[in-house]
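Chains A and B, in that order, are what the protein sequence lines are. Note that the first sequence covers residues 106 to 393 in the working numbering. Note that the second sequence covers residues 5 to 290 in the working numbering. Ideal Cβ placement from N, Cα and C applies to all residues, glycine included. Predicted, not measured: the structure shown is a model, and the values here were computed from it. Presented below is the structure to which this report refers.
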Amino acid sequence: MLKRVIAGAERVLGLHAPGRNLAVFPDDTFLVSYPKSGNTWARFLIANLVHPHAKIDFSNVNRMIPGPEVTRNRDLMRTPRPRIIKSHQYFDPRYRRVIYIVRDPRDVVVSQYHFQRKRKLLADQYPLSEYVGRFVAGQTSFYGSWGEHVASWLATRHGRPGFLLLRYEDMVEDTARELSKVASFLGLSSTPEMVLQAVERSSADRMRALEKSQAQLFTSTKNTRQDIPFVRKAEAGGWRSALPEACALQLDEAWGNLMQWLGYEPVFAEKSNVAEDQHAGFFVGPRP
Amino acid sequence: MFSRLIGGSKMMLGLHRPRRSLVILPDDTFLVSFPKSGNTWSRFLIANLVHPDQPVGFENIHRLVPDPYATAKRDFDRMPRPRIIKSHECFEPRYPKVMYIVRDPRDVVISQYHYHRKCKKIEDGYPMEKFVARFVAGDTCPHGSWGENVGTWLTARHNHPRFLLLRYEDMVADPRRELARVATFLNIPADSERILKAVERSSAEQMRKLEKTQADQCGLTKETRKDLSFVRAAKSGGWQKELPEHLVAKIEDAWPHLMTFLGYQLVTRKGPVPVPEFSGLVTSGV
């Protein structure tokens with residue numbers, strides 16, 4: 106009962122985080138990804154590009170690019186329009202303009218494993234192989250499995266206007282090129298110098314330095330273990346040394362087709378389930 | 005501010021509709037479909053199957069098979085478990101067990117057109133041409149387009165042991181066979197007498213009778229035009245007479261792949277259906 110009173114009062118004051126009940130405006134743009142796919146880095150890049158005169162750091166990035174899971178409803182409603190909103194939601198038909206970041210699930214799972222340790226949700230010695238099993242089953246996040254998340258957006262929006270697909274790996278390889286794509290998608294008239302400046306202001310080194318002094322000011326790092334960094338390696342392909350072969354194979358088996366389509370070559374292509382049936386190619390549920 | 009106050013007080017009393025904030029329990033089963041795909045008929049069938057000793061009608065269906073957009077949170081909390089819950093949402097990973105009803109979009113659009121007239125959302129002479137264009141764009145309801153709704157569920161859950169795909173057309177052709185599949189899925193004894201009784205109690209004729217007397221006791225029909233009925237033809241394939249060919253083509257052009265996969269044969273396309281770039285179930289136009 107008390108919980109309900111608090112929830113009711115929070116609602117009256119707009120202090121609740123709206124989550125999937127977010128009120129969407131037609132001119133909103135969403136920055137969507139599965140968790141641990143480079144979303145925070147992308148927020149820094151975009152906020153630095155859109156607000157070249159502000160100093161983007163962990164204390165204000167939530168205000169510049171708010172998220173329905175972390176920002177209070179009151180602040181979301183007060184954000185000047187057009188809003189750019191960060192989100193980890195699986196397909197939501199109300200999101201009309203979407204920048205979707207995808208990352209190799211083999212790197213995502215390693216990143217998520219360390220992040221859960223940082224948040225004290227996993228003990229240090231928790232076996233990675235066990236974590237991969239839960240990851241494939243979609244039990245490590247509130248947003249479905251990696252395959253369900255990615256496929257729900259690609260199956261509905263790929264190739265349509267109002268949808269920009271970015272690969273984390275491409276962003277690492279040529280950040281300025283990928284950020285320019287974002288600039289044109291947002292209709293910004295950014296010069297190459299402005300793009301370059303945003304890239305520099307969002308570098309892993311700079312973000313690491315900011316994290317050192319601002320960890321308590323940011324929702325994802327507040328009250329977490331400070332011996333494990335939030336900004337980790339910031340590179341692609343780390344799974345090759347971090348992930349045991351059997352785990353990599355498990356991911357191939359779950360989402361081989363989807364991974365291949367995205368350019369994430371399965372390690373054991375001949376063993377992965379390259380579907381015969383053209384219709385079944387991208388079903389991400391278990392095979393019969 | 006005033007509406008927020010009301011919203012907040014309702015929340016304290018549990019009178020608000022939980023909508024997307026519904027607390028989902030591990031033994032919940034969801035009855036999901038795009039709107040106007042036979043969801044209400046299925047709710048009657050299932051409620052009659054699960055509660056053979058209770059008369060099921062429009063006045064109590066919201067408590068027997070509740071709807072997060074129409075049933076109060078308090079009623080959800082008081083329901084006996086395991087619950088069976090109605091939903092029109094696109095893919096929702098938190099739903100542990102799902103029965104998904106799909107219906108030929110060429111029939112869905114006609115049914116939705118008449119329902120919108122009944123709800124006074126469009127006037128009688130509203131051009132079907134315009135409605136079909138909005139339907140294809142996903143602008144006629146808040147649950148995505150037909151292709152988005154069906155496509156996200158199939159992509160994520162097809163072949164899953166806790167996912168049951170039902171076609172409205174199969175239910176019309178042999179409701180007893182399809183309801184027996186539902187019973188097995190729900191682990192309810194599927195004896196033929198119980199199934200037959202549920203089918204009879206949920207017949208279109210029976211539902212029309214109930215609608216006449218109970219229309220004002222159900223959110224689906226309350227405050228809508230009474231000269232148009234909620235339970236309409238209850239048939240499949242009506243589009244062949246009612247939908248002009250160029251509008252059929254519009255729908256078939258929007259989702260050729262998905263319709264073919266579901267066995268809804270295309271009539272306006274010559275030659276094979278092109279495979280879209282993101283193969284499998286692309287739900288956008290090709």
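Report task. Within its chain, find whatever has a CB closer than 7 Å to the CB of B:A51; leave out the 5 residues flanking it on each side and keep chain order. Result -> Short of 7 Å from the beta carbon of B:A51, and not among the five residues preceding or following it, lie these beta carbons of its own chain, in chain order: V60, I65, L68, V69.
Requested in this report: Under 8 Å between beta-carbons, which chain A residues line up against B:R23? List them in chain order, please.
Outcome: N126
Query raised in the report: When the cut-off is 9 Å and only beta carbons count, does A:R272 lie next to chain B?
Result: no
Query raised in the report: Which residue from A:W344, A:M299, A:N126, A:G124 puts its Cα closest to that of A:E274?
Result: A:W344
Query raised in the report: Among B:M103, B:Y172, B:A258, which one has its Cα closest to the Cα of B:N163?
Result: B:M103
Query - Other residues of its chain near A:G119: CB distance less than 6 Å, five sequence neighbours each side excluded - result: Excluding positions up to five away in sequence, the list reads N178, R179.
Query raised in the report: How about the region 298 to 318 of chain A and the region 179 to 193 of chain A: do they share at least three Cβ pairs that are nearer than 8 Å?
Result: Taking 8 Å as the limit for Cβ pairs, the verdict is that the region 179 to 193 of chain A does not touch the region 298 to 318 of chain A.
Report task. Using only alpha-carbon positions, find the residue among B:T264, B:E249, B:K216 that is nearest to B:E133. Result -> B:E249
Query raised in the report: Name the chain C residues whose beta carbon is nearer than 8 Å to that of B:M15?
Result: Judged by its chain identifiers, the structure shown contains no chain C, and its protein chains are A and B.
Query raised in the report: Is any beta-carbon of chain A found at less than 9 Å from that of B:L224?
Result: no
Query raised in the report: Straight-line CA distance for A:Q383 to B:D71?
Result: Annotation note: pLDDT 42 at A:Q383 (below 50); position unreliable, no value reported.
Query raised in the report: Residues in the region 37 to 52 of chain B with C-beta within 7 Å of chain A's C-beta atoms, listed in sequence order?
Result: none
Query - Pairwise C-alpha distance: A:V166 and A:F240 - result: 28 Å
Query raised in the report: Quick one: Cα of B:L169 to Cα of A:M169, how far?
Result: B:L169 and A:M169: Cα-Cα distance of roughly 43 Å.
Query raised in the report: Relative to the alpha-carbon of A:P171, which residue among A:V137, A:R199, A:P198, A:P157 has its alpha-carbon at the smallest distance?
Result: A:V137
Query raised in the report: Per DSSP, which one or two residues make a beta bridge with B:F4?
Result: Chain B is shown only over 5 to 290; residue 4 of chain B falls outside these bounds and no answer can be derived.
Requested in this report: Answer with buried or exposed for A:R330, where buried requires no fewer than 16 other C-beta atoms within 10 angstroms of its C-beta.
Outcome: exposed
Query raised in the report: Using the C-alpha atoms, what's the distance from A:A347 back to A:A339?
Result: 14 Å
Query raised in the report: Can you find a CB in chain B that lies within less than 9 Å of the CB of A:D132?
Result: no
Query raised in the report: Should the region 231 to 239 of chain A be regarded as contacting the region 194 to 207 of chain A, the criterion being three or more beta carbon pairs within less than 8 Å?
Result: no
Requested in this report: Quick one: residues in its chain with C-beta nearer than 6 Å to the C-beta of B:S91, no 5 flanking neighbours on either side, listed in chain order?
Outcome: Answer for B:S91: F34, V36, listed in chain order.
Query raised in the report: Is the Cβ-Cβ distance between A:V129 and A:R183 less than 9 Å?
Result: no
Requested in this report: Given a cut-off of 9 Å, decide if A:L291 and A:R134 are closer than it, judged by their beta-carbon atoms.
Outcome: Checking the sequence shown, residue 134 of chain A turns out to be Thr, not Arg. Contact flag set, yes.
**Report entry** Closer than 9 Å to chain B by CB, A:T261
**Finding:** It does: the Cβ of A:T261 has a partner Cβ on chain B nearer than 9 Å.
Query raised in the report: Taking Cβ positions only, does B:S207 come closer than 9 Å to chain A?
Result: The beta carbon of B:S207 sits no closer than 9 Å to any beta carbon of chain A.
Query raised in the report: Alpha carbon to alpha carbon, what distance is there between A:G124 and A:R116?
Result: 13 Å
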